[in-house]
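Visitor:
Number of protein chains: 2
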Amino acid sequence: MIFEIDFNSDEAFYMQLKNQIILAIATRSYLEGEVLPSVRKLSEDIGINMHTVNKAYTVLKDEGFVRVDRRGAVVAVDINKAEDKKLIIDELKIIIARATLKGIKREEMHALIDAIYDEY
Amino acid sequence: MIFEIDFNSDEAFYMQLKNQIILAIATRSYLEGEVLPSVRKLSEDIGINMHTVNKAYTVLKDEGFVRVDRRGAVVAVDINKAEDKKLIIDELKIIIARATLKGIKREEMHALIDAIYDEY
DNA sequence: AAAAGTGTTATATAAAATATATAACACCCT
DNA sequence: AGGGTGTTATATATTTTATATAACACTTTT
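Protein sequence lines, in the order shown, are assigned to chains Y and X. For the first sequence, my numbering gives the first residue as 17, with consecutive numbering after it. For the second sequence, my numbering gives the first residue as 17, with consecutive numbering after it.
(1) How about Val82/Y and Val91/Y: do their beta carbons lie closer than 8 Å?
(2) Using 8 Å as the limit for Cβ to Cβ distance, is Gly49/Y near chain X?
(3) Closest Cβ-Cβ distance between Asn35/Y and chain X: below 8 Å?
(4) Going by beta carbon distance, what residues of the same chain come within less than 8 Å of Tyr73/X, once the five residues before and after it are set aside?
(5) Start and end of the beta strand (DSSP E) containing Arg89/X?
(6) Can you name the residues of chain Y whose CB is closer than 7 Å to the CB of Asp100/X?
(7) Leaving out five residues before and five after Ile62/X in sequence, what residues of the same chain have Cβ atoms less than 6 Å from its Cβ?
(8) State the start and end residues of the unbroken beta strand (DSSP E) segment that holds Arg83/X.
(9) On a Cα-Cα basis, can you pick out the residue from Lys102/X, Ile120/X, Ile95/X and Glu135/X that is closest to Lys97/Y?
(10) If you draw a straight line from the C-alpha of Gly80/X to the C-alpha of Ser59/X, how long is it?
(11) Is there a Cβ of chain Y sitting closer than 8 Å to that of Ile21/X, yes or no?
(12) Are the Cβ atoms of Val93/Y and Ile41/Y separated by less than 8 Å?
(13) Going by DSSP, which residues form a beta bridge with Val51/Y?
(14) Checking contacts by CB at 8 Å: is Tyr73/Y closer than that to chain X?
(15) Which of helix, strand or coil does DSSP assign to Ser59/X?
(16) For Met125/Y, return the contacting residues in chain X, with the cut-off set at a CB-CB distance below 8 Å.
(17) Hey, does Arg87/X have any beta-carbon neighbour from chain Y nearer than 8 Å?
(18) My guess is that Lys118/Y and Ile112/X are in contact by the Cβ rule of under 8 Å, so how many angstroms apart are they, rounded?
(19) Output needed for Lys71/Y: all residues of its chain with C-beta closer than 6 Å, excluding positions within five of it in sequence on either side, in chain order.
(20) Give me, in chain order, the residues of the same chain whose beta-carbon lies closer than 8 Å to that of Met66/X; leave out the 5 immediate sequence neighbours on both sides.
(21) Have a look at Tyr136/X and Ile64/Y and give me their C-alpha separation to the nearest angstrom.
(22) Any C-beta of chain X sitting closer than 8 Å to the C-beta of Gly136/Y?
Shown next, in the form of structure tokens:
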């Protein structure tokens, strides 16, 4: 899996990377137990600093998507994280609010959900 | 409608306010054409700086949720904003990726969508 | 055993984003 | 005339983001 940073985006680099890794795990480009690239190699490959990659990995660890040991960052999704679901639902509410106001109807949203789930 | 800032949150104040206003518009606590509180009054009410409220209003204007004139910020949703839908869908993909990995099944997501749409 | 590769920590620096504070301006409405 | 709009300008402080070097303890490979 190749990750890519949009240097013109207003989204923080570590955040772009973090989201791309979550997408990669969800779409099974990375499987449970698989080791992500080392911070040094990945930072060279995508052209950002080692510490920025490390920050993405650290956040992924804190949010329960990877486990980090001496071998590197290992995909290890931890379903049981108390506040996670509530947080996701709150964010979902805001996105749907934006979607409705932008004219995305309920049926369209359901279709969208199905399309995305089919990818995963 | 009373807005509230969580001063302990790591989310920017203007962002919290922006999202709450979008939710208020979606749930029809504010109707098309209605005038939002003035930047000065709202800033006093919720305890943040005038310019921070102004930034929220400016972003809301740029994203097509309000129109700003001499009377103040007026709710005016502009459906036709080219890249908006794509942006929303991209964000939705990430949230659903997180949701699936946290064990939220497709059916649960559909139920969630319906629940939120019913509020709107 | 030596070398190379892990994440991690520390220190430093620079730029950008966030938030506040004062002040003033043009405009509108009573 | 006075008080209410958003807006603009300037200034300052803090936090976040990103980079750069360097070193450390540990593991894996050679």
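Using N, Cα and C, we set each Cβ at its ideal position, and we do this for glycine too. Predicted, not measured: the structure shown is a model, and the values here were computed from it.
Guide: So, from the listed chains and residues:
(1) Within the first sequence, residue 82/Y is the residue found at index 66, counting from 1. Within the first sequence, residue 91/Y is the residue found at index 75, counting from 1. Yes, the pair counts as a contact, with Cβ atoms nearer than the cut-off.
(2) By one-based count along the first sequence, residue 49/Y stands at place 33. It does not; no Cβ of chain X falls within 8 Å.
(3) Within the first sequence, residue 35/Y is the residue found at index 19, counting from 1. Yes, its Cβ sits closer than 8 Å to a Cβ of chain X.
(4) Here residue 73/X corresponds to residue number 57 of the second sequence, with the count starting at 1. Excluding positions up to five away in sequence, the list reads Leu52, Val55, Val82, Val84 and Ala89.
(5) For the purposes of this step, residue 89/X is taken as the residue at position 73 of the second sequence. This sequence places Ala at residue 89/X; Arg is not what is there. Element bounds for Ala89/X: Gly88 to Val91.
(6) As a position in the second sequence, residue 100/X is number 84, starting the count at 1. Ordered by position in chain Y, the residues that pass the 7 Å Cβ test against Asp100/X are Lys118.
(7) Looking up residue 62/X in the second sequence gives position 46. Correct list, in chain order: Phe19 and Ile21.
(8) Walking along the second sequence from the start, residue 83/X turns up at place 67. Arg83/X -> beta strand (DSSP E) spans Val82 to Asp85.
(9) If you number the first sequence from 1, residue 97/Y lands on position 81. If we check each option's Cα against that of Lys97/Y, Ile120/X comes out closest.
(10) Taking the second sequence and counting its residues from 1, one reaches residue 80/X at position 64. Taking the second sequence and counting its residues from 1, one reaches residue 59/X at position 43. Here the alpha carbons of Ser59/X and Gly80/X stand approximately 22 Å from one another.
(11) In the second sequence, the residue the question calls residue 21/X occupies position 5. Ile21/X does not count as touching chain Y.
(12) On the first sequence, residue 93/Y is found 77 positions in, with the first residue counted as 1. On the first sequence, residue 41/Y is found 25 positions in, with the first residue counted as 1. Contact: yes.
(13) Position 35 of the first sequence, counted from the first residue, corresponds to residue 51/Y. According to DSSP, Val51/Y bridges with Val90/Y.
(14) By one-based count along the first sequence, residue 73/Y stands at place 57. With 8 Å as the cut-off, Tyr73/Y does not count as an interface residue toward chain X.
(15) On the second sequence, residue 59/X is found 43 positions in, with the first residue counted as 1. Of the three classes helix, strand and coil, the one that applies to Ser59/X here is helix, per DSSP.
(16) Reading the first sequence from its first residue, position 109 is the one you call residue 125/Y. Result: Ile129 and Tyr133.
(17) Translated into the one-based positions of the second sequence, residue 87/X becomes position 71. Arg87/X does not count as touching chain Y.
(18) In the first sequence, counting from the first residue as 1, residue 118/Y sits at position 102. In the second sequence, counting from the first residue as 1, residue 112/X sits at position 96. Not quite, the Cβ-Cβ distance comes to about 18 Å (not below 8 Å), so this is no contact.
(19) Residue mapping note: residue 71/Y aligns to position 55 of the first sequence, counting from 1. Closer than 6 Å at Cβ, skipping near neighbours: Tyr30.
(20) As a first step, residue 66/X must be located in the second sequence, where it is residue number 50. Closer than 8 Å at Cβ, skipping near neighbours: Val55, Arg56 and Ser59.
(21) To locate residue 136/X, count along the second sequence from 1; it is residue 120. To locate residue 64/Y, count along the first sequence from 1; it is residue 48. Spanning the two alpha carbons is a distance of roughly 42 Å.
(22) As a position in the first sequence, residue 136/Y is number 120, starting the count at 1. Rather than Gly, the amino acid found at residue 136/Y in this sequence is Tyr. Interface annotation, Tyr136/Y: in contact with chain X, CB-CB separation under 8 Å.
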